[in-house]
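Note that our numbering gives residue 96 to position 50 of the sequence shown, counting from 1, and the numbers run on in steps of one. Written below as structure tokens is the structure these notes are about.
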Amino acid sequence: MRLKGRFISRDAILSSVDTYEIIEKYPKDKYLPSYLIYAEYENQIIHVQIATDLESDSITVVTVYRPTLAKWEKDFKTRRRSDVS
């Protein structure tokens, strides 16, 4: 994980679990189905992408970042239309 360079602690990811909200689903992602999650931690908004492995009943954190208004609407849950791939 590249958490150190983004200054998002592992504690932030784990402590914000109660605020998790799935905002995008990627059922046919390259290796495993994955989800983009909106989370709040100490008045900060973060996005966590996780991959789910149903066979081993586990998840893997793919990436974590702070969303920006350049790519997200004010709610940070809706991707800007100009940024849709």
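Cβ coordinates follow ideal geometry from the N, Cα and C atoms, glycine included.
**Request:** Assign Ala85 to buried or exposed, taking buried as 16 or more other Cβ atoms, counted over all protein chains shown, within 10 Å of its Cβ.
**Result:** By 1-based counting over the sequence shown, the position of residue 85 is 39. Buried is the call here.
**Prompt:** Exposed or buried, which one is Val110 when buried takes at least 16 other CB atoms within 10 Å?
**Reply:** Taking the sequence shown and counting its residues from 1, the one referred to as residue 110 is at position 64. A residue is called buried when at least 16 other Cβ atoms come within 10 angstroms of its Cβ; Val110 meets this threshold and is buried.
**Whole-angstrom distance between Tyr87 and Asp99, CA atom to CA atom** = What you label residue 99 is simply residue 53 of the sequence shown in a count that begins at 1. What you label residue 87 is simply residue 41 of the sequence shown in a count that begins at 1. Spanning the two alpha carbons is a distance of roughly 26 Å.
**Prompt:** If you draw a straight line from the alpha carbon of Glu101 to that of Tyr77, how long is it in whole angstroms?
**Reply:** The residue labelled residue 101 in the question sits at position 55 within the sequence shown. The residue labelled residue 77 in the question sits at position 31 within the sequence shown. One C-alpha to the other measures close to 13 Å.
**Item:** Residue from Lys120, Ser128 and Arg112 whose Cα sits closest to the Cα of Ile54
**Value:** For this step, residue 54 is matched to residue 8 along the sequence shown. Considering only alpha carbons, the answer is Arg112.
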